Amino acid sequence: MEIPSNGHHNLDLDFDFRRICVKLIFASALYTSLGLYLYLPYLDRLTDRMVLLASIVAALGCFVISTRWIGSFAAELLTGAVYGFCPFVLGFTAYHSLAMLPAAVMPWLFCPAVFYQARKRGTRGQNGIGIALCLLPFAAMIGFFMFLSSQRLFPVPVAFGFDAAGIAGLIAPLSLKPHTFIAGLYHVPAAMSLCGLMIYIRSRRYKIMMIVAPALVLAMGQPIFETPPVVWGLIVMLFASVLAGLGTQSLALAGKNDSKWILICILIICAVAALTLMLSRQLGFIYAQTARIHSLAVVLLGIVFLLAESGIRFRSLRWSLLIAAVAADLIGGARFIIDTLL
0 MEIPSNGHHN LDLDFDFRRI CVKLIFASAL YTSLGLYLYL PYLDRLTDRM VLLASIVAAL
60 GCFVISTRWI GSFAAELLTG AVYGFCPFVL GFTAYHSLAM LPAAVMPWLF CPAVFYQARK
120 RGTRGQNGIG IALCLLPFAA MIGFFMFLSS QRLFPVPVAF GFDAAGIAGL IAPLSLKPHT
180 FIAGLYHVPA AMSLCGLMIY IRSRRYKIMM IVAPALVLAM GQPIFETPPV VWGLIVMLFA
240 SVLAGLGTQS LALAGKNDSK WILICILIIC AVAALTLMLS RQLGFIYAQT ARIHSLAVVL
300 LGIVFLLAES GIRFRSLRWS LLIAAVAADL IGGARFIIDT LL
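Each residue of the sequence shown is one higher than the one before, counting from 0 in numbering that gives the first Met the number 0.
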């Protein structure tokens, strides 16, 4: 998809940290309000209050990271919410209160590397510092779980990682059950993430995959240094959430040259909707509901496709439709999962 060449939507955005701080205050209020709405029935217990705080901190961290690649404030806000309240992150709420800590701090651990890479000039020494900063989250997680293990404390079962049931959550995120993990986002954010992936591929900037790919391998492997494999999945979900924000922004700005990429996304989501509809005959209501929401995502992308193909901008209409669809799916899905887990 086409990425506008103006400074507000370039993949190499410059940073105004004062402006980010102002936006961070607004984002904090939004995520706190969202968290209170989702967790309100369960706030009579201390553990649930800690879970609420962790979700807010996680969303804020992803929001800050997203400013590196996304130029729209609305898309940045959605990105943070998509990560902080996604099915995978919420899966940690079924365990010890410390289980949510890795999800909360993971985006913040990547901030030094993200913003350093944005400003460095590319000398050998600076490249070395950049690599070290990229390894910081891995080292921090290993150190954290090794310390807990030495205290005989295991907030998440050590053997937990991505399995077949978890990967099936890519198409049916509402199938999450207590003490399981779903390796995916909600339906509409997942569609946005797919569009963002198209943009990422077209940009031909694959360095970030040097972090995401090893994290995915570790998430599907055996525990190392007492660290549960599922923890590395947080890195994958962080990447997918940023792609969701990037995809939302690009759909709002898409032009006629982007029609074929939108069409590819529509066809993929149509296939997913058909698959979940067939599975609903055996697996019941959750998959039937999933098929409906995927179908609504197809309709949403179809509207954007028609507008882009006809050369009609209507950016305000596009933003309204995209934000409403992502927000409704996220809030409804998160409430359903939290009610199931807590």
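The beta-carbon is built from N, C-alpha and C at its ideal position, and this holds for glycine as well. Every value quoted in this text rests on a predicted model; they were computed, and no experiment measured them.
Considering only their Cβ atoms, is the gap separating residue j from residue i smaller than 8 Å?
| i | j | result |
| --- | --- | --- |
| Phe84 | Ala53 | no |
| Ser96 | Met140 | no |
| Val235 | Val211 | yes |
| Gly34 | Ile181 | no |
| Leu274 | Thr92 | no |
| Leu37 | Ile337 | yes |
| Tyr82 | Ser240 | yes |
| Leu300 | Ile268 | yes |
| Lys255 | Gly332 | no |
| Asp160 | Ala218 | The sequence shown places Gly at residue 160, rather than the Asp named in the question. Closer than 8 Å, so yes. |
| Val260 | Met197 | Val is not the amino acid found at residue 260; the sequence shown has Trp there. Cβ distance < 8 Å, so Trp260 and Met197 count as in contact. |
| Ala253 | Ala307 | yes |
| Ala98 | Pro172 | no |
| Ile265 | Phe304 | yes |
| Phe87 | Gly183 | yes |
| Ala272 | Ser294 | yes |
| Ser279 | Ala270 | no |
| Ile19 | Gln248 | no |
| Thr179 | Gly195 | no |
Who are residue i's beta bridge partners in DSSP?
| i | result |
| --- | --- |
| Thr226 | Ile223 |
Is DSSP giving residue i helix, strand or coil here?
| i | result |
| --- | --- |
| Thr66 | coil |
| Tyr94 | coil |
| Pro40 | helix |
| Leu306 | helix |
| Asp11 | Any reading at Asp11 is ruled out, since the residue's pLDDT is 41, under 50, leaving its predicted position unreliable. |
| Leu341 | coil |
| Pro156 | coil |
| Gln150 | coil |
| Leu329 | helix |
| Tyr30 | helix |
| Lys22 | helix |
| Phe313 | coil |
| Phe84 | coil |
| Ile207 | coil |
| Val202 | Here residue 202 turns out to be Ser, not Val, going by the sequence shown. In the structure shown, Ser202 sits in a helix (DSSP, three-state: H, G or I). |
| Ser71 | coil |
| Gly283 | coil |
| Glu1 | Reliability of the predicted coordinates at Glu1 is poor, the pLDDT of 41 falling under 50, and the value obtained from them is presented with this limitation in mind. Three-state result, Glu1: coil. |
| Ala324 | helix |
| Gly6 | Unreliable positioning characterises Gly6 in this predicted model, as indicated by a pLDDT of 38, which lies under 50. A coordinate reading is not provided. |
Pick out whichever of the options has its Cα sitting closest to the Cα of residue i.
| i | options | result |
| --- | --- | --- |
| Gly60 | Leu76, Gly301, Met208 | Leu76 |
| Ser315 | Leu274, Ile336, Leu266, Leu250 | Leu250 |
| Ala243 | Ala93, Ala307, Leu329 | Leu329 |
| Ile349 | Phe335, Tyr205, Met105 | Outside the displayed span of the chain (0 to 341) sits residue 349, for which this structure offers no information. |
| Leu321 | Arg18, Ser71, Tyr41, Lys22 | Ser71 |
| Tyr115 | Pro101, Ala103, Leu132, Met99 | Leu132 |
| Thr78 | Leu245, Phe313, Phe284 | Leu245 |
| Leu237 | Leu282, Arg204, Ala189 | Ala189 |
| Pro222 | Met145, Ala98, Gly195 | Met145 |
| Arg151 | Leu173, Leu299, Ala323, Glu225 | Glu225 |
| Val113 | Ala103, Asp43, Leu135 | Leu135 |
| Leu108 | Ser294, Phe143, Ala28 | Phe143 |
| Arg67 | Leu39, Asp47, Pro111 | Pro111 |
| Ala102 | Ala138, Ile55, Gly129 | Ile55 |
| Arg334 | Pro227, Tyr41, Leu29 | Tyr41 |
| Leu51 | Ala73, Ile69, Ser27, Ala74 | Ser27 |
| Val21 | Phe62, Arg44, Phe137, Ser32 | Phe62 |
| Lys176 | Ile128, Ser148, Tyr94 | Tyr94 |
| Ile285 | Pro227, Leu262, Tyr185 | Tyr185 |
Along the chain, which unbroken stretches of the alpha helix (DSSP H) at least 4 residues long are found entirely within the region 225–270?
-> Taking 4 residues as the shortest admissible run, the region 225–270 contains the following complete alpha helix (DSSP H) segments, listed from N- to C-terminal end: 228–252.
Whole alpha helix (DSSP H) runs in the region 161–189 with 4 or more residues, listed along the chain?
-> Within the region 161–189, the runs of alpha helix (DSSP H) at least 4 residues long that lie entirely inside it are, in chain order, 163–167.
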